[in-house]
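Step one of this worksheet: look at the structure below.
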Amino acid sequence: MMVRMDTTTLRRVVLMFVGLVIVTTGLTLVFLSMRAVMDIGGACASGGPYVIAQECPEGAAAMLPLGIIGGLIGLWIYAVSASKLPGPRLTLLAWSALFLSLGWNFWEYGLNPPDGSDGLVWGWIICGVVFVAMGGFPLLGLFNRDIARQMFWADAPSETPVDPYRDAAVPLRAARPQPPTSETPPTTDDSVPAALERLAELHRSGALTDEEFRAAKQRVLEDG
């Protein structure tokens, strides 16, 4: 069964993979440009009358800044796109990938100097230890289940805005005291004359016959 993606999701998926490719390319350029410089002793310069005598390998001077800047741009594209999709979010692993790969270069060339000598280049070995520690330390977070789950299979963020006051306690408004109502029934002096007056009006209008008027009048006087 085929599942159709909406346009927004498809665009995010494409941008996520484009960003991942750019990050990988940037890391590769930095890795290879470092090796090219270390092959000739670890230092070089090009252009100008006061630079060191060792010329940089062809393209190495451009590969390093291109790899760094391009890698950062690609990492931003990947992070923004992946944050809106369910699945792996490997943004933090870019730090480890960079320092572990460069640390490998330091170790390899420190243990096997490019000039073919049998000695050890302790400066590079120490740099390798530092770089591997910097790259490996963030990986310790993978031993935490919640961190590992968020990194390798995170849920998609909800598109529904969250009300920040949803769980807040609603203050109870004090009930306004109501003025006391009088429950005292009307007095007989007020009710009997009014009832007799209404009966008289009904009798004059013809709504009540003489007998009905006398009977009603008698009941009012008895009840009052």
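Using my numbering, the first residue of the sequence shown is number 2, and each one after it goes up by one.
Every residue, glycine too, gets a C-beta built ideally from N, C-alpha and C.
Computed from a predicted model, the values in this text were never measured in an experiment.
Item to complete: Would you mind giving the Cβ-Cβ distance between G129 and G111, rounded to the nearest angstrom? I have them listed as a contact below 8 Å.
Response: 6 Å
Discussion item. So, with DSSP's three-state summary, where would you put V19?
Written reply: helix
Worksheet entry | Closest residue to M17 among K85, L65, V193 and C45 (Cα-Cα distance) | K85
Worksheet item: Taking one C-beta from the stretch 100-116 and one from the stretch 54-61 each time, how about it: are there three or more such pairs within less than 8 Å?
Response: no
Item to complete: Enumerate in chain order the residues of its own chain whose CB-to-CB distance from G142 is below 7 Å, with the five nearest sequence positions on each side excluded.
Response: I148
Item to complete: Compare the Cα-Cα distances from W125 to each of W108, V133 and V31 and report the closest residue.
Response: W108
Worksheet item: Given that a residue counts as buried once 16 or more other Cβ atoms are within 10 Å of its Cβ, and exposed if not, what is N106?
Response: buried
Worksheet item: Out of W77, P115 and A83, which has the shortest C-alpha to C-alpha gap to R12?
Response: A83
Worksheet item: Taking DSSP as the reference, what is the three-state secondary structure of A155?
Response: strand
Worksheet item: By DSSP, does V120 sit in helix, in strand, or in coil?
Response: Per the sequence shown, the amino acid found at residue 120 is Gly instead of Val. G120: coil per DSSP, three-state reduction.
Worksheet item: Are L93 and M152 closer than 8 Å when you measure CB to CB?
Response: yes
Discussion item. Here's the rule I'm using: 16 or more other beta-carbon atoms within 10 Å means buried, otherwise exposed. How should F132 be labelled?
Written reply: buried
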